[in-house]
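The sequence shown begins at 19 in this note's numbering and counts up one residue at a time. The beta-carbon is built from N, C-alpha and C at its ideal position, and this holds for glycine as well. Shown next, in structure tokens, is the structure this report addresses.
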Amino acid sequence: MKRKQFVIFGLGRFGVSVATTLSEAGYEVMVVDPSEEKIQEISSLVTHAVQADATDMDTLCALGIRNFDVAIVAIGKDMQASIMITLLLKEIGIPYVVAKASTEIHQRVLEKLGADRIILPEYEMGRRIATNLISGNIIDY
Ligand code: ATP
């Protein structure tokens, strides 16, 4: 069976962590970011590293994005870029689009655009840590 192919937009801490973890697990990973420095830093760790602004349909088509199974939009601060890329990916027909949200309103917009999974990293990590702290696995303070 063909292994899933992943494309990640945005090389902040979240994007780099997702990209390198998938790559270490043996998956084909493409990363896209306008920063030349970030692309150079990660180029030896992933299958393809492309310096580009992904908010443009022609660029996405030229990169062959329609062949990927999963796309991860890992852009938090630049909400406009995050929203535009998510919209284009859904229009292209990527089967599973994961998008990182930075605020609740950002989350709601991504939902309306049809993102398949939306991540609020700080919120999710906070819940996980709290759950872990009250689970039976740790010493009761
Ligand atoms: P972190 O994951 O570190 O919390 P963040 O959510 O604050 O990061 P940003 O700093 O907004 O994320 O952006 C992450 C990356 O997204 C940056 O490396 C930036 O260059 C990249 N980025 C911004 N606009 C685009 C775009 N149009 N296409 C692709 N990547 C982009």
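Give the DSSP bridge partners of residue i, in chain order.
i: Glu-46; result: Gln-23
i: Ser-66; result: Checking the sequence shown, residue 66 turns out to be His, not Ser. Met-48, per the DSSP bridge assignment.
i: Ala-89; result: Val-25 and Val-115
i: Ile-137; result: Lys-118
Do residue i and residue j have their CB atoms nearer than 7 Å?
i: Val-64; j: Ala-37; result: yes
i: Thr-13; j: Val-91; result: This structure cannot settle anything about residue 13, because the visible part of the chain is limited to 19 through 159.
i: Arg-135; j: Val-116; result: yes
i: Phe-24; j: Val-88; result: yes
i: Lys-118; j: Phe-32; result: yes
i: Gln-69; j: Ile-60; result: no
i: Met-97; j: Thr-73; result: no
i: Ser-120; j: Gly-94; result: yes
For residue i, does the count of other Cβ atoms within 10 angstroms reach 16, so buried, or fall short, so exposed?
i: Ser-100; result: buried
i: Lys-22; result: exposed
i: Ala-133; result: buried
i: Ile-147; result: exposed
i: Asp-51; result: buried
i: Leu-160; result: With the chain covering 19 to 159 only, the question about residue 160 has no answer from this structure.
i: Ala-18; result: Residue numbering for the chain in the displayed model covers 19 to 159; residue 18 lies beyond these limits and cannot be assessed.
i: Gly-82; result: exposed
i: Ala-80; result: exposed
i: Leu-40; result: buried
i: Leu-29; result: buried
i: Leu-151; result: exposed
i: Ile-137; result: buried
Please determine if the stretch 109-126 and the stretch 43-52 are in contact, where contact requires at least 3 C-beta pairs separated by less than 8 Å.
no
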